[in-house]
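Undergrad:
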Amino acid sequence: MDPRQEHRLDLTRRRFFRAGAAGLGGVALSTLLGGARPLTALAGGGDSSSDGERGATGVHHTPRARRVIYMHMEGAPSQIDLFDYKPGLRARFNEDLPDSIRQGQRLTGMTSEQERFPVAPSIFRFSRYPNNQDGAWISELMPHTARLSRDLCIVRSMHTEAINHEPAITFFQTGSQQPGRASFGSWMSYGLGSSNDNLPAFVVLISQGLGNMQALSSRFWGSGFLPGEHQGARLRSSGDPVLYLDDPPGVSRADRRRMLDLVGELNEAEMARSLDPSIRARVAQAEMAYRMQMSVPDLVDFSDESAATLAMYGDDVHTPGSFAANCLLARRLAERGVRFIQLYMRGWDAHNNLPKEIRDQCNAVDQPQAALVADLKRRGLLDDTLVIWGGEFGRTVYSQGTLTQENYGRDHHPRCFSLWLAGGGVQPGIVFGETDDYSYNITRDPVDVHDLHATLLHLLGIDHQRLTFRHEGRDHRLTDVFGNVRRELIV
Amino acid sequence: MPDFSDPVWLEVFARAHPMVLHVPFGVLASLLLLETWALVRRRPPEGSTRGLLAGLFAASAALAAGSGWFLGEQPDYGGELLELHENLGLATAGVGAVVALAAWTGRRRLYGWALIAGAVLIGFTGHHGASMTHGKGFLLEPLRRSEREAAPRMPLAPDTLGAARTPAGSGTPEAAGAAGVQSAAGVQGAASPSSTQAASAWSAEQRLAARAQGLLADRCAACHGATKAKAGLKLHEHAAILAGARGGRVVVVPGDVEASELVRRLRLPPDDDEHMPPESKRQLTAEELDAVVAWVGAGLPEAPSELLEFAASASGSAAVTAELLANETPAEPAAALPDLAVTPAAADLLAMHRDEAEQAAAHPGGDDAATPDNDADDGGVGASAAGAVLTAERQAVIAGLRAEQVHVESADPATGLLWIDYRAAPATSDEDVRQLVANLGPAIGELSLRGTEVTDGALGALATLRELTRLDLSGTAVTATHLGELRTNPRLATLDLNGTAVDGAAVETLAALPALQRVFVWGTALSAQDVALLRAARPGLFVEDGRDLFADALETEPAPELSEPRPAVNAFCPVSGSPVDALINIEHGDDVVAFCCPNCPSTFRADPAAYPLTRIGPQLGMGAHRYEWVPDWLQLPEGQSELGNTHGEIVIDRAGNLHLNTDTEQAIMVFDSDGRFVRSWGAEFADGLHGMQLVEQEGAEFLYFVHFGRHEFVKATLMGEIVWRMGYPEESGKYESAEQFRPTSIAVAPDGGFFVADGYGQHWVHQYDAERRWVRAIGGPGSEPGRFQTPHGVWIDTRGGEPTLLVADRENHRLQRFDLQGEPLGVIEGMLRRPCKIQQRGEYLVVPDLAGRVTILDGDDSLVAHLGDNPDPARRANNGVSRDDWLDGEFLAPHSAAWDAAGNLYVMDWNRHGRITKLRLLVP
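Those protein sequence lines, which keep their order, are chains H and D. For the first sequence, counting from 1, position 121 maps to 121 in the numbering used here; every step adds exactly one. For the second sequence, counting from 1, position 474 maps to 474 in the numbering used here; every step adds exactly one.
(1) Go ahead and pull the three-state DSSP assignment for D/M669.
(2) Can you give me the C-alpha to C-alpha distance between D/G460 and D/R518, rounded to a whole angstrom?
(3) Relative to chain H, which residues along the segment 477 to 507 of chain D have a C-beta separation below 8 Å, given in chain order?
(4) Since D/I963 meets chain H, which of its residues come closer than 9 Å, beta carbon to beta carbon?
(5) By alpha-carbon positions, which one of D/V478, D/L449, D/R267 ends up nearest to D/L471?
(6) Using CA coordinates, which residue listed in H/D316, H/S183, H/R128, H/P414 is at the minimum distance from H/P227?
(7) If I'm right that D/N585 touches D/V592 with Cβ under 8 Å, what's the distance once you round it to whole angstroms?
(8) Just checking: is the beta-carbon of D/S783 within a distance shorter than 8 Å of some beta-carbon in chain H?
(9) If we ignore side chains and look at the alpha-carbon of each, how far apart do D/G451 and D/V293 end up?
(10) Listed from N- to C-terminal order along the chain, which residues in the segment 326 to 346 of chain H have their beta-carbon within a distance smaller than 9 Å of any beta-carbon of chain D?
(11) Considering only C-alpha positions, which residue in the set H/D84, H/R331, H/L333, H/W187 is nearest to H/M524?
(12) Per DSSP, which one or two residues make a beta bridge with H/Y408?
(13) For chain D, is any of its Cβ atoms less than 8 Å away from the one on H/R202?
(14) Could you pull out every residue in the same chain whose Cβ sits closer than 8 Å to the Cβ of D/P158, ignoring the five residues on either side in sequence?
(15) Go through the segment 493 to 530 of chain D residue by residue and report every complete run of the beta strand (DSSP E) that reaches 3 residues or more, in order.
(16) Keeping to the same chain, check which residues put their C-beta closer than 8 Å to that of H/D480; ignore five residues upstream and five downstream.
(17) Determine whether the Cβ of H/R379 lies closer than 8 Å to any Cβ atom of chain D.
(18) Quick one: what does DSSP say H/D84 is sitting in, helix, strand or coil?
(19) Quick check on DSSP: helix, strand or coil for D/S317?
(20) For D/T556 and chain H, any beta-carbon pair shorter than 8 Å?
(21) Report the CB separation of D/T855 from D/L832 in whole angstroms; it is logged as a contact under 8 Å.
(22) If you run the structure through DSSP and keep just helix, strand and coil, what is H/Q114?
(23) Which word fits D/M154, buried or exposed, when buried means at least 16 other C-beta atoms lie within 10 angstroms of its C-beta?
(24) Could you please tell me which residues of the segment 537 to 553 of chain D, in chain order, have their CB closer than 9 Å to any CB of chain H?
(25) Quick check on D/F572 - is its C-beta less than 8 Å from some C-beta in chain H?
(26) Per DSSP, what are the beta-bridge partners of D/R841 in this structure?
(27) For D/Q697, is the classification buried or exposed, using 16 other Cβ atoms within 10 angstroms of its Cβ as the cut-off for buried?
(28) Under 9 Å, CB to CB, which of the residues in the segment 59 to 73 of chain H have a partner in chain D?
(29) I'd like to know if the segment 427 to 438 of chain H and the segment 454 to 474 of chain H are in contact, where contact means that at least 3 CB-CB pairs between them fall below 8 Å.
(30) Would you decide whether D/D421 is buried or exposed? Buried here means 16 or more other CB atoms lie within 10 Å of its CB.
(31) Under a Cβ-count criterion, where at least 16 other Cβ atoms within 10 Å of its own Cβ denotes burial, should H/Q178 be classed as buried or exposed?
(32) Measuring only the C-alpha atoms, how far is D/L541 from D/R466?
(33) Per DSSP, what are the beta-bridge partners of D/N911 in this structure?
(34) Return no unless some Cβ of chain H is closer than 8 Å to the Cβ of D/F520.
(35) Would you call the segment 612 to 631 of chain D and the segment 909 to 922 of chain D in contact, with 3 or more CB pairs under 8 Å?
(36) Can you pull the chain D neighbours of H/R125, defined as C-beta to C-beta under 7 Å?
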């Protein structure tokens, strides 16, 4: 393309709005207030736009949570073996799933050819743990997490529209099965900005699983149509967490500062000439990188943690990239004010050999995730940190492939599944929603993904209907045109 | 007037105007150059060149004028400039015709004047045309702009603008309280006539109108103005806007934003065909668009002309726009807000402030606002909840804090109170805190000093924060001594003291903090007893000490009763024949049947008979020597029901074929590796062919075998041609007759010499050299080392350095080892019952044991495994067990065992019906 033409296209009105009005609107607001801060509108909800052309301008109401730690269990853990206690199924071992339950609902290609759908009860023992109701039944796979039941809000009535991993994760992360929308963390970065200029507002940490793993696309933490600075920053699990942070040999920090200042002046001049807002984003990112040179080494250095704390997260905490290490890192990021900390644990897609795989997976996550919640709690951080744990859908009660009393597999099941929330204004110590005796259909209080998003945004002080971004001629929301705030889940 | 029903090509012709019009310019320029050159050279130009160019000029000018005329009739065009342009264009065409005629007829004077007239006319025509497309003054615009910027800006009379400001300089709490509610009203609400009651010369509405009209004049009037009115639309003045476009089309409905075509077009995405201004032209910013929309929404008020002039005088200048917008910010010098013009959020905020100010003026009592219940002294900052107000001073303080990496954010949009977080500024000292309290005190709702260098010295200042609800002092040096000072904070509900040195002395003070609801004391010096005391002293107070984070289970369900898992009966998918995935299986009758993939089970269920199961045999051995028992593996020749008595040996050639003996006339039978019959031979060797070895010599394979009934040993090719045959070793002196020599085994050494075991005769092992000369006899009957009872099998062991001779000394229950000179080297015993023979593969030996099992020994001659050990002594070494009584997994009387190259093991039982078993190696 002709570079002049390209330049003109860069300056289209829409683009100008995207980066100039919406993305930098908050910057401008804070310019008014004297600092270069995005979007955290001091004077409160400023979303007075009548034409919806602009996006967020800070919180709409008093937030209960200031940051999110979202532990996504990629591949979808089995609700039947973890949180959705179905003791009656034991007597129905290897019986066919009644048609009255299945109701001809959609199956994946992996089991749709199966002639029988034999019921596979969980081989794991469940125990009842105290909470603020009459207790929560949780399986032996999660002994540490279960002991936190007084702080957990276990939702057993989640459901989703997607039946395969990629669209289902995309749906959970962006509110749409179609790729291209902005992820939850990006919306938060866009809507609230960072509360620590030394670190990105949206950080992604990935742990490899021990079971059957699915692909993990980087667009799960992409910013979609939102300006690029809102996409998640993935910290690497081995070596330098962020590449090229070290000054090259012979370059002092003062040299780097001078270089940045000079480049900044040039960028300012270009900005004045071309009005291209992406230049401002670039300047901001260069400054961020400069500050991260100081903040990241301190972030990933666990030597200031006490032995007792490290022990609480388990031995794996010393292995970079392990879920334990990432949980501790998540707490440290939360302490430092990062808005959205996304953990991915891969390997939950147990189509076959589920008992072994889920046992390995739970061994890797249970202690660290419980330690994370407990650690946040005792430090007073759980009050305003929203913790989410869950997969992208559930798994079937019927066995895929083998069914013996000790071994079975489970296929994808979007009709119902369980996740848990903690902290950040979420009702603690409750179990919400019910499924039928086969954990196949929801019988009470269904919660869909849009509802969850709306509720989480509400806890963060944001009205999900007002956090919008105009793109391709329409106002986009994380919740699209759906979503209800589920007050039952909120304190 | 052209008829609009004319064909489309007319329109195409019309649209060619912008292209065609350049031709006469070029031609005319050429003509002028030609004539000038001629004048200089004082020689007239070539007549034909002049005539051709003149004719071209006339024709192209006519074409340009004609197409231009039709283009002018298109609905997009109108205005007086167009008419002027059209008339000049026609005149140019006329003059062009004159130029051509004069040139052709040789009227040089007329030609000269006409040429000059044409040049002048075409110049004016072109100028007007360009003004229409690019706007007036296009050429010199840059010059004017630089002049304008250099010149001092036209000042706005301070008193005029000042009158518009609200009287109250600061302290408008109601407005702040209403911010959240009012914000939705936004610019539009701010500009609504009902709210503009200030006694000012220019109301907000008027300024809005001036701004909007200025924008339209600046961005739109080039095409939609007095001189050029595309689509008949003129947007340069108020009345013209209301007049709409050609054909009476209304573009603006005052007060109705949604019905206004103008707004719709402005809001369309730039790449939409109907979007205005066109994509390539300068666009409105969001804030500018807001202004226009608000102005339409406000009913299209007309701007006072003098204000309009002011706006027009410097339209597009950010500072002036800011003054237009910002002059009502309370006590806020406009000069401090340089970038407002491009920031919609800023405009929002300003609109909000304007709202607040106006409301404050309208409702001095503030009775309609959310007034927090704060009847205590107000700290001298005006009314209650004064924290909401973002005065300029406070904004400056906030900016300063942010420069120090301190995070400042709204804690509560309803009250405007702040959350201030020092976690990224660990060097914060007591003095910093005192300054913060002095500067922002009433606005602080939540404060985090986590990990800073703050000490007890800061508590005094913190104690004055009346709106403080949450205070985080974790990791600081505060002590219990001064915590009591926080008693004066009326709203402090959450206090985080994690990791401080606070000790038991704090119990009393904490219990006395009036509003305290949650306190965090994990990692402090507070003992469990102290915490218990605190909880007792303040029932209802949540105390987190990190001690009781986990709760044990109340009850556990009984463990499920699981039966033993059952393995699948097959190793290969009955549908596909591929190896099974053991995890994909179904119950079928009493069996568990496994498949290769999830799709096969339903195929199988549909017609099980069509997919016969190949049942997996029992599994034997261990480690690297695990085998699956493959029963009924050998496929006999057509019409043959059994092999007949098997009392010989199995050997395997390079191609993987099995050569095995029976006592029938098929003395040597050959099967391929899949068990299919290949051939048989050796009728003369029926009844008594007992031991064989297959030897590779000079590239060919040969069979050496012994026959105890014929008292001879033989070398033959694999196809059955006899190379040589030899009788009993008379020269040994051990025999009186041939009948005493009943050989059972032969072993060929690497040098070509060989050993023949007289197992069923006189218990000697005879050594021959490569020339088949008898060398010596080894052993002889006896049980002491070096002697034999039935030396049934011999083997040259090549595993170590020097080859050695191994003898299966069957009825002494042992193997004996000799060097190749016949000297005994040792005895292998203990794990052997009645060893018949030895074969080797790699570092392992296999020993068929007539007493019902096959034994594998490792490189140290230690036991690896017994395979298929028959638990029933009566069935061991029993030649007569009938086929129906054979059991998979159990040998009867192993007589020979051989490995193939892949490690599968083939075992011959001594059985009258003939039994050959394959053990398939299971690779771990």
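Positions of the beta carbon are idealized from the N, C-alpha and C atoms, including for glycine.
TA: In short, the structure shows the following:
(1) strand
(2) Whole-angstrom Cα-Cα distance: 21 Å.
(3) T494, D496, N498
(4) Residue 963 of chain D lies beyond the stretch modelled for chain D, which goes from 1 to 924, so this question has no answer here.
(5) Ranking D/V478, D/L449, D/R267 by Cα distance to D/L471 puts D/L449 first.
(6) H/S183
(7) 5 Å
(8) By the rule that beta-carbons nearer than 8 Å mark a contact, D/S783 does not touch chain H.
(9) 49 Å
(10) Answer set for the segment 326 to 346 of chain H: E335, R336, G337.
(11) With chain H covering only 1 through 491, there is no way to say anything about residue 524 of chain H.
(12) H/L403
(13) Checking the sequence, you will find Phe at residue 202 of chain H rather than Arg. Chain D contact via Cβ: absent.
(14) Only weak support exists for where D/P158 lies, its pLDDT of 36 falling under 50; the value from the coordinates is given anyway. Taken in chain order, the list of residues that qualify is empty.
(15) 494 to 496, 518 to 520
(16) G175, S176, H450
(17) yes
(18) coil
(19) Confidence at D/S317 is low in this model, with a pLDDT of 47, below 50, so the placement of that residue should be treated as unreliable; the coordinate-derived value is given next. If DSSP states are grouped into helix, strand and coil, D/S317 belongs with coil.
(20) For D/T556, the answer is yes, since a Cβ of chain H falls inside 8 Å of its Cβ.
(21) 6 Å
(22) coil
(23) Residue confidence for D/M154 is low, a pLDDT of 41 falling below 50, so the modelled location carries little weight; the figure read from the coordinates is stated next. Exposed, by the Cβ-count rule.
(24) E544, D545, G546, R547, L549, F550, A551, D552, A553
(25) Not an interface residue.
(26) Answer is D/Y844.
(27) A residue is called buried once 16 or more other Cβ atoms fall within 10 Å of its Cβ, and D/Q697, having fewer, is exposed.
(28) If the cut-off is 9 Å between Cβ atoms, the segment 59 to 73 of chain H has V59, H60, H61, T62, P63, R66 near chain D.
(29) no
(30) buried
(31) exposed
(32) 21 Å
(33) BP columns for D/N911 point to D/T646.
(34) yes
(35) yes
(36) By Cβ distance, chain D contributes T556, E557, A559.
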